[in-house]
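What follows is a short report on a single structure.
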Amino acid sequence: MTTFNDNRLHADPGIDGHHPHHDVPISSEGATPMQRDRATTIFEKGAAGRRAFVAPKLDVPEADGGELLPAALRRAAPARLPEVSEPELVRHYVKLSRRNFDLDTGFYPLGSCTMKHNPRLHERVAAMAGHSRLHPLQSPERSQGALELMYNLERALGEVSGLPHVSLQPSAGSHGELAGVLLTRAFHEDRGQTRTKVLTPDTAHGTNPATVTMAGFEVVKVGTNPDGGVDLDDLRAKADEDVACLMLTNPNTLGVFDPNITEIAKIVHDVGATLYYDGANLNAIMGKARPGDMGFDIVHFNLHKSFTQPHGGGGPGSGPIAVSDRMKPYLMNPRIVRRDDGSFDLDDHGYEKSIGRLRGFQGNYGCFVRSYAYICSLGAEGLTDASETAVLNANYLLAKLREHGVADRLPLAFGELCMHEFVLSGAPMKKDLGIKTLDLAKRLLDHGYHPPTVYFPLLVDEALLVEPTETETRETLDGFAEAIAKILTEAGEDPQIAQNAPYTTPVRRLDEAAAAKKPVLRQPL
Amino acid sequence: MSQYTAVTDADLAEMLSAIGVSSVQELFDRQIPADVRLSRPLDLPAGLPEQEVYAHLRELAANNVSAEDEITFLGAGMYDHYVPAVIDMLLGRSEFLTPYTPYQPEVSQGNLQAMFEYQTAISELTGLPVSNASVYEGPSAVASAGYLARLANGKPKFVVSRGLHPHSRETLQTYAHGFGAEIVEVPLKDGVTDPDAWAAAIDGETGAVFFQQPNFLGAVEDAAALASAAKDAAGGDSVVVVGQYDPIPLGILKPPGECGVDVCVGEGQTLGNRLDFGGPSFGFFAATEAYLRRMPGRIAGETVDADGRRGFVLTLQTREQHIRREKATSNICTAQALNALAGVVYLTWLGKQGLVDLGELLLQRTHYAREQLAGVAGVSALHDQPVVREFAVTLDVGGVDGVASVIRRCQDAGVNPGYALGRDYDELGTGLLVALTEQRSKADIDQLVAVLGAAVAAERSAAGVTA
Chain A
1 MTTFNDNRLH
11 ADPGIDGHHP
21 HHDVPISSEG
31 ATPMQRDRAT
41 TIFEKGAAGR
51 RAFVAPKLDV
61 PEADGGELLP
71 AALRRAAPAR
81 LPEVSEPELV
91 RHYVKLSRRN
101 FDLDTGFYPL
111 GSCTMKHNPR
121 LHERVAAMAG
131 HSRLHPLQSP
141 ERSQGALELM
151 YNLERALGEV
161 SGLPHVSLQP
171 SAGSHGELAG
181 VLLTRAFHED
191 RGQTRTKVLT
201 PDTAHGTNPA
211 TVTMAGFEVV
221 KVGTNPDGGV
231 DLDDLRAKAD
241 EDVACLMLTN
251 PNTLGVFDPN
261 ITEIAKIVHD
271 VGATLYYDGA
281 NLNAIMGKAR
291 PGDMGFDIVH
301 FNLHKSFTQP
311 HGGGGPGSGP
321 IAVSDRMKPY
331 LMNPRIVRRD
341 DGSFDLDDHG
351 YEKSIGRLRG
361 FQGNYGCFVR
371 SYAYICSLGA
381 EGLTDASETA
391 VLNANYLLAK
401 LREHGVADRL
411 PLAFGELCMH
421 EFVLSGAPMK
431 KDLGIKTLDL
441 AKRLLDHGYH
451 PPTVYFPLLV
461 DEALLVEPTE
471 TETRETLDGF
481 AEAIAKILTE
491 AGEDPQIAQN
501 APYTTPVRRL
511 DEAAAAKKPV
521 LRQPL
Chain V
526 MSQYTAVTDA
536 DLAEMLSAIG
546 VSSVQELFDR
556 QIPADVRLSR
566 PLDLPAGLPE
576 QEVYAHLREL
586 AANNVSAEDE
596 ITFLGAGMYD
606 HYVPAVIDML
616 LGRSEFLTPY
626 TPYQPEVSQG
636 NLQAMFEYQT
646 AISELTGLPV
656 SNASVYEGPS
666 AVASAGYLAR
676 LANGKPKFVV
686 SRGLHPHSRE
696 TLQTYAHGFG
706 AEIVEVPLKD
716 GVTDPDAWAA
726 AIDGETGAVF
736 FQQPNFLGAV
746 EDAAALASAA
756 KDAAGGDSVV
766 VVGQYDPIPL
776 GILKPPGECG
786 VDVCVGEGQT
796 LGNRLDFGGP
806 SFGFFAATEA
816 YLRRMPGRIA
826 GETVDADGRR
836 GFVLTLQTRE
846 QHIRREKATS
856 NICTAQALNA
866 LAGVVYLTWL
876 GKQGLVDLGE
886 LLLQRTHYAR
896 EQLAGVAGVS
906 ALHDQPVVRE
916 FAVTLDVGGV
926 DGVASVIRRC
936 QDAGVNPGYA
946 LGRDYDELGT
956 GLLVALTEQR
966 SKADIDQLVA
976 VLGAAVAAER
986 SAAGVTA
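From first to last, the protein sequence lines stand for chains A and V.
Counting with this note's numbering, you get residues 1 to 525 for the letters of the first sequence.
Counting with this note's numbering, you get residues 526 to 992 for the letters of the second sequence.
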């Protein structure tokens, strides 16, 4: 029924600690202990009067609390927070943590997210009191170490991107995008121009169009050519004097490096617009190519991707931006400056035509410490090695999938080679085997893998976006390719196995429609 | 190969052969045009072994004066509360530290349930029915509330109290310039938002109003009065009343949900997060039911799995950028999940009574500190409003430079007396903002009084100010 090369699959069972195929359950009979352990929130635990916190004694002369704070301003009844002892608290959250899949435990090839190893050195240095207990309003004379670190990080990011002027302030990639589009607005306004439109390719991350609207512009979509790059004719047709900016990811979300980037930059610049680089995929090109050299005016970095800030289950992130000379006057204040005597200072008015602040204080410094430590550890050579290995690993995984015959069911959406990630289309798999990309993803969970990104980019039917990163071993990539092949073989025999998967996870497939229909968003008390 | 990659020469040979290329460089040469390839090494220092990176970062840390190195009364938006050990332990666990956003709920129940618990805690704290799972931090949360109002009622004017944190006002201004709203500021009077100016500034074109509780000068505002005056002056309920709250005093302060506040946002740093020179922390965002479908960011909801067991998922995602794209309620993607986890663990650690105890303790100590400082020659209270964790004084030392000099003198004596208001308020050039946490004891306060008293006296004598 299938054409997959099954011989290889049993050659080396249990590689890298993953389950050999024949051990992966194919039904849910007999729930696992974790499944039987019904989810109970911390608000349903404990008992009145229990506590983990002991308040310091009142050491000042007691005044009448009713006089200090009149009843009209006071809370009538305490907030119904949990009442638990410290051991209960610890057990609850440790048990909860065990219901997560995490990068330290297994392969996490989530496309566009760059789930690379998080060195623990970074946690150690970020926790040093000199960094972690430094108040953001400490005077510059007494925060020289922090300012020096930020200054050095700015310079390193400027070098990696080829754009010399850096602001570390944005809190995440999407925040950096907002900064970039607002900078673009300021740039045009400064020239007395009112431009209304921002171009985004149809392959763009959702944050791009959402940002454009937030910044008060209209989104105009640009098409994709058969090779996965920007459709130049469509771009030429849409690039006019009303266009403020083109937002681009390169390599884009299809894993394709746009070979026409110089021409694209020319078209955009010829109509007086700016060119914005979404840095989500920077991990493909560090030390190999630079957005600034391609003609970009603005780039945002995702420190939680390329520069390995741990993702924390959805943040914190950090989204510094780097810009060209012409965008520099509009950068966010305050600006970190180095004085002639070698000391560092924060200048509230450092950029004369600044768009203003985008958040409080100086940005996510704790993330800066980690990413700076990463850059110090790797240096120029190591960062380049990271991108080279990321691209090597992605192409190797693609080759292994082809070797297993997976390409017939999950063909590469564009091109032959890829950069640091690649997009497969599950359309033939769905047609021939009756399982959707979602089913494949859920079945991968039973094999001990986090699935790739699914159903993105939207342009590709039944998309599967795979980004292995540079920190995975060849053995892990081999094991993953085998698991995919095995799932397809299994689906050829019985598609219901994947359709009903997963079986081994803390809960099974969840009813998302019900959750949205009648939202229960907090514990009823 | 670096310490974080694993391709040996033997691996490389096999991998290249499987791909069908002769070198790694060929992968780049075949995909990136020559004219945009970087033909030189990056101009960065060479990599260092772990112990040397540690030493370098330690050296940088040593060039900072942290809250461990001085007795600090700095606040103004971030506060040196104690972070319990359980938070370090739990947040350091791989299972919480290293996953991505929970796109696969079956293997993210820990994360999703923690979000659900966090939403419950924020809802309890604020008295508002719905909370999202976190936004970046305080000031940008305020700006996001502005965007919510813009989408909800389309009105072009925001009325903002000058008691709102300067960073919040600036951030709101930055965002509003983009999506199109004008900002009108309302001055303070006697330390709180001037009620007459507030009512006069608000009209039928007002889309949202913003105040802070306690305000930037530490004063407790009459939130209920501000909210009802706003609705009256705007002539209806469509105006969005936004309050930026410090969550710690909410143990004793009337919750915004009982004051007519529609959207309550704030800086979550005080809930179990380190100072970290300003971040990462988290912003909280809670609202009335009416604005549920306009909220930014992730929201976790309860559901059941295929076997009928209780579980949690990201829900109401049709608000979000990855689904709605240009029509999304916000562009936010990655938020502050780990920091929000610290928030719910902290609130659990404090517990129902602990948050009240902490609030009462801070109330007493803040009152004591204000009384004591007001008794110092050259120091007087800037206002007489109720204060719960922070207060403002005026230093009679001749102006902004005098205040800066007093702060330096105090820091040389090991005490950081607080924040100079002149940086943000021209009209308060001699103001000093003094913050308390449970880590500042009576003995610390007494030391502040002695050190600040001596510094003010020395400054007055140096500047020739007569008593």
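From the three backbone atoms N, C-alpha and C, an ideal C-beta is built for every residue, glycine too.
The structure displayed is predicted, hence computed values, not measured ones.
- The residue from A:Y93, A:L110, A:P119 and A:M115 with its alpha-carbon nearest to that of Q634 of chain V is A:Y93.
- Within its own chain, the residues whose Cβ lies closer than 6 Å to the Cβ of R50 of chain A, once the five positions on either side in sequence are excluded, are E83, V84 and S85, listed in chain order.
- Segment contact: the region 457–476 of chain A against the region 497–504 of chain A, fewer than three CB-CB distances shorter than 8 Å; contact not assigned.
- Between the region 622–630 of chain V and the region 807–815 of chain V, the count of C-beta pairs closer than 8 Å stays below three; the two stretches do not touch.
- Contact note: K328 of chain A does not reach chain V at a C-beta cutoff of 8 Å; the least C-beta distance is about 17 Å.
- Our two residues, S669 of chain V and P428 of chain A, have alpha carbons roughly 42 Å apart in a direct line.
- Excluding the 5 residues flanking it on each side, F107 of chain A has same chain C-beta neighbours closer than 7 Å at Y449, H450, E472, T476 and F480, in chain order.
- Contact of E462 of chain A with chain V is not assigned, every C-beta pair being separated by 8 Å or more.
- Cβ atoms of L235 of chain A and I264 of chain A come within 8 Å of each other, at about 7 Å.
- As a beta-bridge residue in DSSP terms, T274 of chain A pairs with A:C245.
- For A758 of chain V, the CB contacts under 6 Å within the same chain, skipping 5 residues up- and downstream, are A724 and I727 in chain order.
- Within the same chain, Cβ atoms closer than 7 Å to the Cβ of G415 of chain A are found at D227, G228 and V256, the five residues on either side in sequence being excluded.
- Membership of K116 of chain A in any alpha helix (DSSP H) is not indicated, and neither H nor E is assigned to it by DSSP.
- By a beta-carbon distance limit of 8 Å, I777 of chain V does not contact G688 of chain V. Their separation comes to about 19 Å.
- DSSP assignment within the region 561–638 of chain V yields no whole beta strand (DSSP E) run of 3 residues or more.
- Boundaries of the alpha helix (DSSP H) harbouring V667 of chain V: G663 to N678, taken from the DSSP string.
- L957 of chain V: not part of any alpha helix (DSSP H); member of the beta strand (DSSP E) spanning G956 to A960, first to last residue.
- Taken in chain order, the unbroken stretches of beta strand (DSSP E) that lie wholly in the region 192–255 of chain A and span 3 residues or more are 197–201, 218–222 and 243–248.
- In this structure, the alpha-carbon of H311 of chain A lies about 23 Å from that of A646 of chain V.
- Collapsing the DSSP output to three states places T32 of chain A in coil.
- Closest in C-alpha terms to V60 of chain A, from the list V:A867, V:T891 and V:A945, comes V:T891.
- The three-state reading of DSSP puts T471 of chain A in coil, since its state is none of H, G, I, E or B.
- The straight-line gap separating the alpha-carbon atoms of A79 of chain A and S656 of chain V is approximately 15 Å.
- Going by beta carbons, Y151 of chain A and G804 of chain V fall outside the 8 Å limit.
- For L521 of chain A, the closest C-alpha among the options V:L615, V:A658, V:M603 and V:A902 is that of V:A658.
- For T696 of chain V, the C-beta contacts it makes with chain A under 8 Å involve G356, R357, L358, R359 and G360, in order along the chain.
- Within 8 Å of the CB of V829 of chain V, the CB atoms of chain A belong to L510, D511 and A514, in sequence order along the chain.
- When C-beta distances to chain V are compared with 8 Å, the residues of the region 482–503 of chain A below that value are N500 and P502, in chain order.
- With a minimum length of 4 residues, the unbroken runs of alpha helix (DSSP H) contained wholly in the region 728–768 of chain V fall at 748–759.
- The secondary-structure analysis by DSSP pairs C789 of chain V across a beta bridge with V:G768 and V:A811.
- According to DSSP, residue pairing for V940 of chain V in a beta bridge involves V:I596.
- Here Y276 of chain A is buried, its C-beta having at least 16 other C-beta atoms within 10 Å.
- Taking every protein chain shown into account, the CB of V54 of chain A has fewer than 16 other CB atoms within 10 angstroms, so this residue is exposed.
- For a Cβ distance threshold of 7 Å, residue set A79 of chain A lies close to L650 of chain V, ordered along the chain.
- Judged by DSSP in its simplified three-state form, E462 of chain A adopts coil rather than helix or strand.
- Contact of N225 of chain A with chain V is not assigned, every C-beta pair being separated by 8 Å or more.
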